[in-house]
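Right, one structure below, let's go through it.
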Amino acid sequence: SYVLTQPPSVSVSPGQTASISCSGDELGEKYTSWYQQRPGQSPLLVIYQDTKRPSGIPERFSASNSGNTATLTISGTQPMDEADYYCQTWDSNTVMFGGGTKVTVL
Amino acid sequence: QLQLQESGPGLVKPSETLSLTCTVSGGSISSSGYYWGWIRQPPGKGLEWIGNIYYSGNTYYNPSLKRRVTISVDTAKNQFSLKLSSVTAADTAVYYCARPGEVGATTWFDPWGQGTLVTVSS
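The listed protein sequences correspond, in order, to chains H and V.
Position 4 of the first sequence, counted from 1, bears residue number 194 in our numbering, the numbering being contiguous throughout.
Position 114 of the second sequence, counted from 1, bears residue number 125 in our numbering, the numbering being contiguous throughout.
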């Protein structure tokens with residue numbers, strides 16, 4: 191089965207840049223999405239089709255996908271960005287999620 | 012604005028069948044052309060896709076759960092449902108319903124319901 195691998199945690203200082211990786215075999219050949227999940231809340235889509243931001247998502251959220259790795263970047267990280275982040279892709283009508291990365295804003 | 016709301020028992024006994032319903036408002040399941048999905052999240056753990064269904068009844072399931080999962084749709088009630096048989100404590104999770112983001116395809120999910128916690132315990 192296809193596996194997406196994320197680091198368990200990332201720490202960042204307020205105002206700095208956080209980068210979260212998501213690795214999978216030839217992931218760059220698939221579309222990747224990213225979700226933010228704050229404690230007690232449902233996941234919120236922050237990136238779809240590798241690089242697109244839904245309406246209402248701040249511009250400080252950006253992403254890329256190439257080779258075997260997709261990356262979510264949060265520029266000028268704010269305390270409200272502290273959350274779990276999940277990558278997701280699909281292939282042949284099967285959906286896969288990464289294990290999630292906890293972003294801590296110190 | 013499309014909204015999804017999960018409902019069903021919060022407690023299920025081991026070996027029994029978990030049954031949940033997702034009610035869709037602000038849009039029609041049958042006329043939208045979208046698939047509709049179920050995802051779950053065990054306490055303190057990550058997200059796991061369960062399966063998707065089209066309004067016509069066409070389904071796609073997670074291979075690891077396929078043997079125990081049935082997803083169905085009721086277009087008259089604008090609802091779709093999840094049944095998971097032979098549950099164990101490992102099936103304890105928050106269950107979310109969500110809609111894939113593109114018509115007629117398995118893609119990203121947006122929006123999501125608020126989720127409902129189902130505990131498997133005697």
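Glycine included, each C-beta is placed from N, C-alpha and C at the ideal position.
Remember, predicted model here, so these are calculated numbers, not experimental data.
- Around H/A273, the same chain offers Q226, Q227, R228 and V293 as residues with beta carbons nearer than 7 Å, after the five sequence neighbours per side are excluded.
- With respect to V/S36, V/Q14 sits close: the two C-beta atoms are nearer than 8 Å.
- For H/P269, the three-state secondary structure derived from DSSP is helix.
- No Cβ of chain H is located within less than 8 Å of the beta carbon of V/D102.
- Distance from the CA atom of H/V200 to the CA atom of V/T118, rounded to whole angstroms, is 26 Å.
- For V/D85, no CB of chain H lies under 8 Å from its own CB, so it is not counted at the interface with that chain.
- When DSSP reads this structure, V/R51 sits in a beta bridge with V/E59 and V/Y106.
- Secondary structure at H/L217: helix, using DSSP grouped into helix, strand and coil.
- Residue-level contact check: V/W49 does not touch chain H, since none of the beta carbons of chain H fall below 8 Å from its beta carbon.
- In its chain, beyond the 5 residues on either side, T28, S30 and T81 have a beta carbon closer than 6 Å to the beta carbon of V/K94.
- For V/S42, the enclosing alpha helix (DSSP H) starts and ends at I40 to S43.
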